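Student: Quick one: the structure is below, and I'll ask about it shortly.
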Amino acid sequence: QHLIDSLRRSMGEAQHHDAVAGTEKEHVSQDYRLRLHDSVVDCQQDVSNSFSKMLPIGSQPLPQQEFCLHLNVSQCAITESSSRFTVTAYNPRSHEVTTYVRLPVTNGFYTVLDPDGSEMIIQLVPLVALQSIDAERPKSTATHELLFQAAKIPPLGHKTFYIIKTSTGRGQHSAIREKQQSTTVRRAKT
Amino acid sequence: GEKIAISNGKLLVNFDANGLIESIVVDGETVMMSQNLMWYAAMNEGNSNSIFDDRPSGAYVFRPNGTDATPIAMQATLIVQTGALVSEVHQKFSDWASQVVRVYKGQSDVEIEWTVGPIPVGDGIGKEIVSRVTTQIPSGGRFYTDSNGRQTLLRRRNFRPTWTLNVSEPVAGNYYPINSHIYVTDDEGNADTVVALVNDRSQGGTSLQDGQIELMVHRRLLYDDHFGVGEPLNEPGDGPGLVVRGTHYLLVNPSLAGIHPISLIRPLAQQMFMRPWLSFSSTSLSFTNWK
């Protein structure tokens, strides 16, 4: 409970004070950011603990869940460096939700399996260099974003997707699939 | 110099030869529009001899020096990416302003991901950046904004419902807080067409001309506004300025046929506000063992 209360407290403080109008001094703004970040990390721990408790008794402990707070600038250590990883989408709404998931990855051949093991349609979208954003993500090795549709995530529930990266596909079938998941790029001539 | 179009089967977004959105086609009906990133020049310090009247644009007040915004660029350099699930057009207006216009397969809205900053202020002028959508919808001075994401309120340009308004600030005097959405329709009683912007964070917004909506996405100002904060809105300190990235959903529906616009906008606003939360873990297990 204290892990969740942390975020309630930080949000409450910010909303009670001048964060709501954006009229706080810069160092106060930085303090609000720090408090909110620490509380969000607490909530991530809570989500991770909860997933472990949802497993049947006797199961192996679930690996620690990692959260990527820099997805908005296409940076995530796990998706960029792992050849096998899982993505869990938690739906905070009280309605079933279908959403698109974009994950920063390095170029390659990817297979995404839904919870039933069915292979999903994916698209590899090249990242477009942008000087102002690239300066914000100096450690990222991502060259593409892996895109797929996470369909019918239950209300206040989750779905987990299993992703494998291989360096290249093999055979004619793989060549067709690689073409299906590629993106056509047209650039203006300078 | 070439016209471009992207489509997801449900809607088609046309770009003109300058690389700007020209129209959106939904169910065979075309809504002519333009969309661009623009900037207001901020009122600087020393605009009055009286300290009480000297109000630069700052943290508390939006006070542009003039009555209209200037486009950051009249042309955008484009990169067009199309595939099975998403088609997107990257528009670069300058080194500090760009956006991506995306249409996802099956979605009925257009996603605009804007990236603005660091805002240049070497000319000594603070700048306030807006994303503006202009259509030909005869909205009759009316537009609609949410109030804290809840009730959607009718706003009328240069008008207050409970007193006679003397408009001394024609831009700022029509700005309202937008926490979730802003839209215009073509007729008060028999709305046929709606154009809406759904935002991912609280922003200021208005409709300064019929058929037009705009949202302020970023500000960098050089003077304190004398209302109490005691410093200019210029993060970080004397540094290069912040880069900000965010998302708007642009919803266009030319044939409402009795449907209330909010029935289309509210699900989008909820989708924006409560997006699924992603967590990750590496594994060495095969899928079968992992499952």
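As you go down the protein sequences, you meet chains D and C in turn.
Each number in the numbering used here corresponds to the 1-based position in the first sequence with 84 added.
Each number in the numbering used here corresponds to the 1-based position in the second sequence with 271 added.
Each residue gets a CB set at the ideal place from its N, CA and C atoms; glycine is no exception.
Just so we're clear, the structure is a prediction, and the values are computed from it rather than from any experiment.
Is C:Glu-273 buried or exposed, if buried means 16 or more other CB atoms sit within 10 Å of its CB?
Tutor: It is exposed - the Cβ of C:Glu-273 has fewer than 16 other Cβ atoms within 10 Å.
Student: Is the shortest distance between the beta-carbon of D:Gly-106 and the beta-carbons of chain C less than 8 Å?
Tutor: Output row for D:Gly-106: interface = yes.
Student: Between C:Val-387, C:Val-332, C:Asp-287, which lies nearest to C:Met-303 when the distance is taken from Cα to Cα?
Tutor: With distances taken between Cα atoms, C:Met-303 lies closest to C:Asp-287.
Student: Could you check the C-alpha separation between C:Thr-353 and D:Ser-158 for me, to the nearest Å?
Tutor: Going from the Cα of C:Thr-353 to the Cα of D:Ser-158 covers about 19 Å.
Student: Compare the C-beta of D:Tyr-194 against all C-beta atoms of chain C and say whether one is closer than 8 Å.
Tutor: Not closer than 8 Å to any Cβ of chain C, the Cβ of D:Tyr-194 fails to qualify, so no.
Student: Hey, quick one: how far does the beta strand (DSSP E) through D:Val-196 stretch, first residue to last?
Tutor: That run of the beta strand (DSSP E) goes 193-197.
Student: Would you kindly work out how many angstroms separate the C-alpha atoms of C:Val-469 and D:Asn-191, rounded to a whole number?
Tutor: The straight-line gap from Cα to Cα measures roughly 33 Å.
Student: Just to confirm before moving on: does the CB-CB distance between C:Leu-504 and C:Leu-492 stay below 8 Å?
Tutor: Closer than 8 Å, so yes.
Student: Let me see if you follow: with CB-CB separation under 8 Å, is D:Ala-98 close to chain C or not?
Tutor: So no, D:Ala-98 is outside the interface.
Student: Going along the chain, which unbroken runs of the alpha helix (DSSP H) with 4 or more residues stay wholly within the region 385-429 of chain C?
Tutor: Whole alpha helix (DSSP H) segments, 4+ residues: zero.
Student: Run through DSSP, which three-state label would C:Ala-467 get?
Tutor: C:Ala-467: strand per DSSP, three-state reduction.
Student: Measure how close the beta-carbons of D:Thr-172 and D:Gln-207 come, nearest whole angstrom, since I'm counting them as under 8 Å.
Tutor: Their Cβ separation, rounded to whole angstroms, is 21 Å, which puts D:Thr-172 and D:Gln-207 out of contact at 8 Å.
Student: Answer yes or no: do C:Ser-305 and C:Ile-292 have a C-beta to C-beta separation smaller than 8 Å?
Tutor: Yes, Cβ-Cβ distance for C:Ser-305 and C:Ile-292 is below 8 Å.
Student: Evaluate C:Arg-373 with the Cβ neighbour count: other Cβ atoms within 10 Å of its Cβ, from every protein chain shown; 16 or more gives buried, anything less gives exposed.
Tutor: Flag for C:Arg-373 reads buried.
Student: Return the chain-ordered list of same chain residues with a C-beta closer than 7 Å to the C-beta of C:Pro-389, the five sequence neighbours on each side being excluded.
Tutor: For C:Pro-389, where only same-chain residues beyond five positions count, the Cβ hits under 7 Å are Trp-367, Pro-511, Gly-512, Leu-513, Val-514.
Student: So which residues on chain C does D:Lys-109 lean against when the C-beta distance must stay under 8 Å?
Tutor: Per Cβ cutoff of 8 Å: Val-500, Gly-501, Glu-502.
Student: So what does D:Thr-172 bridge to, in DSSP terms?
Tutor: Looking at the DSSP assignment, D:Thr-172 forms a beta bridge with D:Thr-244, C:Ser-550.
Student: What residue from C:Lys-376, C:Asp-496, C:Asp-458, C:His-452 has the CA that sits closest to C:Ser-418's CA?
Tutor: The candidate whose alpha carbon is nearest that of C:Ser-418 is C:His-452.
Student: Going by Cα to Cα distance, which pick from C:Met-314, C:Ile-350, C:Gly-529, C:Asp-496 is closest to C:Gly-395?
Tutor: When each option's Cα is compared against that of C:Gly-395, the closest is C:Met-314.
Student: Can you pull out the residues from the region 162-183 of chain D whose beta carbon lies closer than 7 Å to at least one beta carbon of chain C?
Tutor: Those would be Ile-162, Thr-163, Ser-166, Arg-168, Phe-169, Thr-170, Val-171, Thr-172, Ala-173, Tyr-174, Asn-175, Pro-176, Arg-177, Val-181, Thr-183, in chain order.
Student: Can the beta-carbon of D:Gln-129 be found less than 8 Å from the beta-carbon of D:Leu-91?
Tutor: No.
Student: Any Cβ of chain D within less than 8 Å of the Cβ of C:Gln-352?
Tutor: For C:Gln-352, the answer is yes, since a Cβ of chain D falls inside 8 Å of its Cβ.
Student: Less than 8 Å between the beta carbons of C:Ser-278 and C:Ser-402, yes or no?
Tutor: No, the Cβ-Cβ distance between C:Ser-278 and C:Ser-402 is not below 8 Å.
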